Amino acid sequence: MLRRVAAIILIAWALGFVWFSMALPQPAGEQRTDAVVVLTGGTGRVVRGVQVLREGYAERLFVSGVGKQVKPHEFALEYKVRSALMACCVTLGFQAVDTRSNGLETGAWVRAQEVRSLRLVTNDWHMRRAVLELRRHLPQGVEVVEDAVPTQPSWRTLFTEYHKLLARRIAGLWGG
Numbered sequence: 039m040l041r042r043v044a045a046i047i048l049i050a051w052a053l054g055f056v057w058f059s060m061a062l063p064q065p066a067g068e069q070r071t072d073a074v075v076v077l078t079g080g081t082g083r084v085v086r087g088v089q090v091l092r093e094g095y096a097e098r099l100f101v102s103g104v105g106k107q108v109k110p111h112e113f114a115l116e117y118k119v120r121s122a123l124m125a126c127c128v129t130l131g132f133q134a135v136d137t138r139s140n141g142l143e144t145g146a147w148v149r150a151q152e153v154r155s156l157r158l159v160t161n162d163w164h165m166r167r168a169v170l171e172l173r174r175h176l177p178q179g180v181e182v183v184e185d186a187v188p189t190q191p192s193w194r195t196l197f198t199e200y201h202k203l204l205a206r207r208i209a210g211l212w213g214g
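Residue numbering for the sequence shown follows this note's numbering, starting at 39 and increasing by one per position.
Spelled out as structure tokens, the structure:
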């Protein structure tokens, strides 16, 4: 009996990993939201968030997890954001250091700004866990549009991220 249970768990784990690896989230369409939220840490994320703002798919941009040494004018220069757009519509968050704290930082900003819908930008392999963490800290009823930045992750990246996602889901079952 124990072998059968272990075999079922192993098969479920393997099928889950295949699904996780083969069905990565995709970029969003042209849906408009109140805000776009970018989680720093991966290639193309901030560029995509600024593009969404410029194209008018969101009214505001929040960048979570910006390094404490980064100055707003440096950010503006790096991503070619005009000062008027920076002043009205871009907020840099300096508190987050990981995906869990991205959720906390973003949740606080969403409440303060009374955001009702947001477009979340992160890499495709990171999206599922990012959404999981974010939903734990958002007010009830906030719509989240997933806008994944396509990558070509290594098997190691996928393997690690899959296990982080599993760990967070299991921790969530016990209130963690």
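From the three backbone atoms N, C-alpha and C, an ideal C-beta is built for every residue, glycine too. These figures come from a predicted structure and were not determined experimentally.
| Query | Result |
| --- | --- |
| Ignore the nearest five residues each way along the sequence and tell me which others in E143's own chain have a CB closer than 6 Å to its CB. | S102, G131, Q133, A134 |
| Do you know offhand how far G105's Cα is from A45's? | 45 Å |
| Quick one: what does DSSP say F58 is sitting in, helix, strand or coil? | helix |
| What do you get for E116, buried or exposed, if any count of 16 or more other CB atoms within 10 angstroms of its CB means buried? | exposed |
| Count the other CB atoms within 10 Å of the CB of P63; is the residue buried (16 or more) or exposed (fewer)? | buried |
| Could you name the residues of the same chain whose beta carbon sits closer than 8 Å to that of R92, not counting the 5 residues immediately before and after it, in chain order? | L123 |
| In three-state DSSP terms, what is F197? | helix |
| Who are E181's beta bridge partners in DSSP? | S155 |
| Start and end of the alpha helix (DSSP H) containing A96? | Taken as a continuous stretch (DSSP letters only), A96 belongs to no alpha helix (DSSP H), being part of the beta strand (DSSP E) at 96-102. |
| Out of curiosity, what's the CA-to-CA distance linking A61 and A209? | 24 Å |
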